[in-house]
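Working notes for the structure below.
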Amino acid sequence: MSFHRLLPSISFLRPDRRISSGAPHPLGATWDGRGTNFALFSASAEKVELCLFDKSGRNEIDRVVMPERTEDIWHVYLPYAQPGQLYGYRVHGPYDPEAGHRFNHHKLLIDPYSKRLGGQFSWTDAHLAYRVGHKREDLSFDRRDNARYTWKSVVVDQAYTWSDDRHPKVPWEDTIIYEAHVKGLTQLRDDIPKELRGTYRGLAAPAMIEHLQKLGVTAIELLPIHSFVDERHLIEHGLKNYWGYNTLSFFAPEQRYSSDNIQNAFRSTVAELHSAGIEVILDVVYNHTCEGSELGTTMSFRGLDNASYYRLLPDNPRHCIDDTGCGNTVNTAHPRVIQLVMDSLRYWVEVFGVDGFRFDLGVALGREAHGYDPNCGLFDALRQDPTLSQVKLISEPWDLGPGGYQVGNHPAPFAEWNGKFRDDVRRFWKGDSAMRGLLARRLMGSAEMFDRDGRRPWASVNFVTAHDGFTLHDLVSYAHKHNQANGEDNRDGADDNHSDNHGHEGPTDDAAIHDARERSKRAMLATLAFSHGTPMLLGGDEFGRTQRGNNNAYCQDNAVSWFDWRQLRSEAGRAQTEYLARLIHLRQQHPTLHSARFVHGEAEVLPGIPTVSWFDERGKLLTQADWHDHEARLLVLRRAVGLGRRADVSLLLVNGTREPHRFVLPAPALSWCLQIDSAHPQAPPGMVTDRSVEVDGPAVMLLTSAPPLHA
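When we follow the numbering used here, the leftmost residue of the sequence shown carries the number 59, and every step to the right adds one.
Right, here's the structure in full:
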C-alpha cells in the first residue's frame with residue numbers, strides 16, 4: 059500500500075512514489091545505492107514527519123509521515139531519496155514545558171545524525187518554540203514556521219575507501235600535541251596558496267607540514283570542527299563564534315572551512331598529515347548544544363525529545379540543568395544519547411581517520427543522577443569499544459557543576475588536561491612562595507594524582523597555555539585581561555591568570571623588560587618539555603603570538619586570533635622556534651625526560667644513583683624539612699634509566715630567582731654535557747669541566763650523561 063494516504067492534506071506528494079517502513083537501524087539517513095532509509099529516535103513523540111526540500115533548501119517538495127515505530131525509533135524507506143537530498147523533521151507531541159516536553163511541529167529540525175548540512179541559516183525569533191515577550195514566557199506556544207531560515211540535513215553517500223591511509227599510532231609517551239584552530243592557523247600564511255588559507259586543506263599544505271615537523275610535533279589538536287552556530291548576540295554585535303564550542307551537529311564537518319566537498323577535503327587532509335607522521339585529534343563538544351537554556355532555540359534535540367537529550371531539574375523539568383555555563387547539559391546518562399556520542403566518535407575514526415579526541419568539559423559527560431561518576435555508562439562504553447578504546451582519549455576534567463573539578467579522577471585509558479600543571483608552573487616562574495615542592499610534583503608527571511589503577515605518566519596532559527586564556531607571550535606581558543573587544547565590558551574571561559607583565563602592561567620598547575619576558579617564556583617552555591607527561595603546546599607560542607591581552611578570544615575571528623606568521627620570520631621568532639625545537643628533540647632523545655612509567659627512586663640504576671633524586675644548589679639531598687622551606691626557589695632533579703649496556707642520566711637545574719646562582723653538581727661525579735640553558739639558548743652544547751655551574755635566573759639548565767652500566 060502507499061503510505062501517502064496518511065497525508066491527504068499534502069497536495070504536492072507524487073502518487074507514483076511508493077515508500078516502505080524501512081529499518082530502525084542504523085540511525086540517520088542511509089543511502090544503499092537505490093534509496094535512503096531514514097531512522098530517528100524520539101521516545102515521547104506522537105507523530106514524525108519527514109520533509110524533503112529542493113536544492114536551495116527554501117522550498118519543501120515532499121512530506122512523508124514516518125509510518126513505523128520500532129521501540130523508540132521512527133523509520134521509513136524512500137526509494138527516490140538520493141545523495142544530495144535536503145531534508146528535515148517535524149515532530150508532533152506534547153508541548154508541556156513543566157513536564158519537560160517541548161514538541162512544536164512548526165519548527166523544522168535537523169537530523170542529529172546529519173552527515174552534512176545544506177541550505178542557509180539566519181537568525182529569527184521563529185527558531186524559538188515559544189512567543190517572545192509573552193507573559194507566560196516559554197510556557198507559551200509559537201506557531202511560526204522556521205523552515206526558510208534554518209539548516210537542512212543532507213543525504214550523503216558514505217561509500218568511501220581510504221585503504222592507503224595509515225594511522226601513525228605514535229606511542230603516548232612520544233606524543234607532542236600542538237593545539238590550533240583550522241582557520242586561524244593558516245589564514246595569514248602567505249606561503250600557502252590563497253584558496254587554501256583558513257581551510258581544512260590548508261592544514262596539510264607543504265609549508266604547514268614542514269613547520270610542524272621541524273618543531274617536532276606528533277599530533278595536531280584542532281578546535282571544534284563539528285558544525286556549529288554563531289550565537290545571535292554575537293552576530294548582532296558584528297562578531298562570530300570563532301572557537302566553535304556551540305555545536306549543532308555531531309557528525310557534520312563545519313562548512314566554513316572548505317569551499318569544495320567538505321568530507322573529501324577533511325579526509326584528504328587527515329591522510330596527508332598521517333603521511334607526514336602527524337596524528338589528528340579533534341576537540342569535541344558533547345556536553346552541551348547550541349540550543350541553549352529553556353529560553354533557547356528549537357533546532358534539533360529540543361524539538362526531537364527535550365526530556366531525553368537534556369538533563370532537566372528533577373523537581374522542575376521546565377528548566378535545564380546548566381553544568382556547562384552554556385544553558386544546557388546533554389544527558390549522557392541516557393542510553394540513546396550514549397549511542398549518539400559513540401556513533402559520532404566511531405564515524406570520525408572510521409570514515410575520516412582521526413586519531414583521538416579531546417572532550418570539552420569532560421566531567422559533564424560523566425555525570426549520572428548522583429553526580430560525577432568515573433564509572434559512568436558513557437566512559438564504560440568507550441573503554442570497552444574495540445575501535446574507540448584504541449584511539450587517544452583526552453578529557454578536560456572539569457565543568458561548572460557540583461564537584462566539577464576532577465583532575466586525576468578519570469579512568470584509564472583517558473588522559474586529562476592537567477590544570478594544576480598550568481597553574482603551578484605559572485606560579486613558580488612568577489615568583490610565588492611555597493612552590494618548589496609543587497613544581498617537583500609536576501616535573502614527575504603529577505604522580506600523586508595519576509599514579510593509580512595502572513595509569514601512566516602520559517595521562518597528565520601538561521600545558522602552560524591553551525586556546526582558553528593568555529598566549530605565552532601575553533602571559534608574560536599582561537597582568538590583567540583586556541577583553542573589551544568581546545563586547546562584554548571586560549567581564550568575560552578568567553581574572554586569575556597567574557600572569558606577570560614584568561613591570562609594564564602590554565607592548566614596550568624597554569630592552570630590559572623584553573629580555574626578562576623572553577627568559578620567563580623560555581623557562582616555562584623548558585619546564586613543559588622536560589616534565590613527565592604529555593606536553594601540549596598552544597599553536598603560535600613558538601614564535602610569540604599575541605592576542606593583545608585578550609584571554610577569551612572565542613568571538614574574535616580576525617587578526618586578534620589569526621596567527622601572524624611574519625613574527626616567525628623575525629629574529630626573535632626564529633630564535634624561539636629553534637629553541638623550542640631543540641627542547642622537543644632533547645625530550646625525545648632522552649628516556650629520562652619522557653618516561654613511559656612513573657618512577658619514584660626506589661631502584662638504583664648505578665651505584666649511588668637511583669631513578670630519581672632531588673638536591674639543593676649545594677648538591678645535597680633534600681630533606682623533608684627542606685621541602686617545607688616556602689622561600690626556596692632552587693632545585694636539582696636527577697633522573698636515571700638503564701639502556702642496554704649504558705644508562706641515560708640527566709640533571710635538571712632550576713633557578714626560580716632573578717639572580718644567578720652557582721649549583722654544585724651532586725655526587726657521584728659523572729661526565730656531564732650541558733645540553734641547553736634557557737637563559738643562554740644560543741650557547742652550543744659542551745662538556746662541563748668543573749664540579750659546579752652557574753645558572754642565571756630565571757632559567758632551566760639541562761645536563762646529560764651516558765655512563766656504562768658495567769665497568
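By construction, the Cβ of each residue, glycine as well, lies at the ideal position given by its N, Cα and C atoms.
Among the options, the one whose alpha carbon lies nearest that of residue i
i	options	result
Tyr-258	Ile-77, Pro-170, Met-594 and Phe-324	Phe-324
Trp-516	Glu-629, Ala-470, Arg-485 and Leu-496	Ala-470
Pro-264	Gly-302, Lys-272 and Ile-250	Ile-250
Trp-406	Arg-255, Ala-262, Ile-283 and Ala-537	Ile-283
Asn-389	Val-412, Gly-414, Gly-420 and Arg-404	Gly-420
Pro-226	Ile-571, Ala-277 and Arg-416	Ala-277
Arg-174	His-185, Arg-121, Thr-233 and Asn-322	Asn-322
Thr-244	Glu-237, Tyr-236, Arg-575 and Met-266	Met-266
Thr-529	Leu-595, His-686 and Val-275	Leu-595
Pro-125	Glu-118, Asn-117, Ile-119 and Leu-98	Leu-98
Gly-659	Glu-675, Leu-679, Asn-386 and His-643	Leu-679
Ala-103	Glu-129, Phe-111 and Leu-85	Glu-129
Gly-466	Pro-432, Asp-169, Gly-459 and Ala-391	Pro-432
Ala-698	Thr-327, His-291 and Leu-761	Leu-761
First through last residue of the alpha helix (DSSP H) which encompasses residue i
i	result
Gln-733	Segment 731-735 is the beta strand (DSSP E) holding Gln-733; no alpha helix (DSSP H) there.
Met-507	505-508
Pro-251	Unbroken run through Pro-251: none, as it is neither H nor E.
Tyr-367	359-367
Tyr-258	258-261
His-291	290-294
Ser-402	393-408
Phe-417	Premise fails: Phe-417 lies in the beta strand (DSSP E), 414-417, not in any alpha helix (DSSP H).
Rounded distance between the beta-carbons of residue j and residue i, thought under 8 Å
i	j	result
Val-818	Ser-100	Absent from the model: residue 818. The displayed extent of the chain is 59 to 769, so no value can be given.
Ser-504	Phe-521	Ser-504 to Phe-521, Cβ: 12 Å. No contact.
Pro-756	Ala-633	Pro-756 to Ala-633, Cβ: 18 Å. No contact.
Arg-494	Asp-482	Not quite, the Cβ-Cβ distance comes to about 10 Å (not below 8 Å), so this is no contact.
Glu-707	Arg-691	Sequence inspection shows Val at residue 707; the Glu mentioned does not correspond to that position. Val-707 to Arg-691, Cβ: 24 Å. No contact.
Trp-623	Arg-369	Actually they are not in contact, since the Cβ atoms of Trp-623 and Arg-369 sit about 43 Å apart, beyond 8 Å.
Thr-523	Asp-599	6 Å
Gly-260	Trp-209	Contact doesn't hold; Cβ gap of about 24 Å is too wide.
Asp-312	Ala-262	Per the sequence shown, the amino acid found at residue 312 is Glu instead of Asp. Actually they are not in contact, since the Cβ atoms of Glu-312 and Ala-262 sit about 17 Å apart, beyond 8 Å.
Tyr-55	Cys-613	Because the chain spans 59 through 769 in this model, residue 55 falls outside it and cannot be assessed.
Status (buried if at least 16 other CB within 10 Å, exposed otherwise) for residue i
i	result
Asp-573	exposed
Gln-140	exposed
Leu-610	Just to set this straight, residue 610 is Asn in the shown sequence, not Leu. Flag for Asn-610 reads buried.
Lys-241	buried
Ser-628	exposed
Asp-373	exposed
Leu-273	buried
Lys-252	exposed
Gly-80	buried
Gln-647	exposed
Tyr-536	buried
Ser-60	At Ser-60, the pLDDT of 34 sits below 50, so the modelled position is not reliable and the matter cannot be decided from this model.
Leu-371	exposed
Leu-767	exposed
Asp-341	buried
Ser-69	The predicted model places Ser-69 with a pLDDT of 35, which falls under 50 and marks its position as unreliable; any figure quoted below should be read in that light. Its Cβ having fewer than 16 others within 10 Å, Ser-69 is exposed.
Glu-717	exposed
Gln-625	buried
Val-758	buried
Ser-763	buried
Proximity test, residue i beta-carbon vs the ligand PLP heavy atom, cut-off 8 Å
i	result
His-346	By its list of ligands, the structure shown contains no ligand whatsoever, and the ligand PLP lies outside what it can speak to.
Element boundaries [beta strand (DSSP E), containing residue i]
i	result
Glu-126	126-128
Tyr-637	First-last for Tyr-637: 629-647, but that is the alpha helix (DSSP H), not the beta strand (DSSP E).
Phe-673	670-673
Ala-473	472-475
Gly-86	86-89
Phe-495	According to the sequence shown, residue 495 is Gly rather than Phe. Not the beta strand (DSSP E): Gly-495 falls in the alpha helix (DSSP H), residues 494-501.
Glu-752	750-753
Asn-520	518-520
Ala-762	First, the amino acid is wrong: residue 762 is Thr here, not Ala. First-last of the beta strand (DSSP E) with Thr-762: 757-763.
Thr-592	592-596
(message) Does the structure place the stretch 464-484 close enough to the stretch 496-509 that three or more beta carbon pairs sit under 8 Å?
(response) yes
(message) Can you confirm whether the stretch 662-677 touches the stretch 616-634 when touching is taken to mean that 3 or more C-beta pairs between the two stretches lie within less than 8 Å?
(response) no
(message) Across the stretch 360-373 and the stretch 430-444, are there enough close Cβ pairs to call them in contact, namely three or more that are closer than 8 Å?
(response) The stretch 360-373, when compared against the stretch 430-444, does not touch it at the 8 Å Cβ threshold.
(request) Count the C-beta pairs between the stretch 448-461 and the stretch 416-433 that are closer than 8 Å, then say yes if the count reaches three, no if not. (result) yes
(message) So, does the stretch 748-762 touch the stretch 724-739, judging by three or more C-beta pairs under 8 Å?
(response) yes
(message) Assess contact between the stretch 227-238 and the stretch 192-199, defined as three or more Cβ pairs (one per stretch) separated by less than 8 Å. Is contact present?
(response) no
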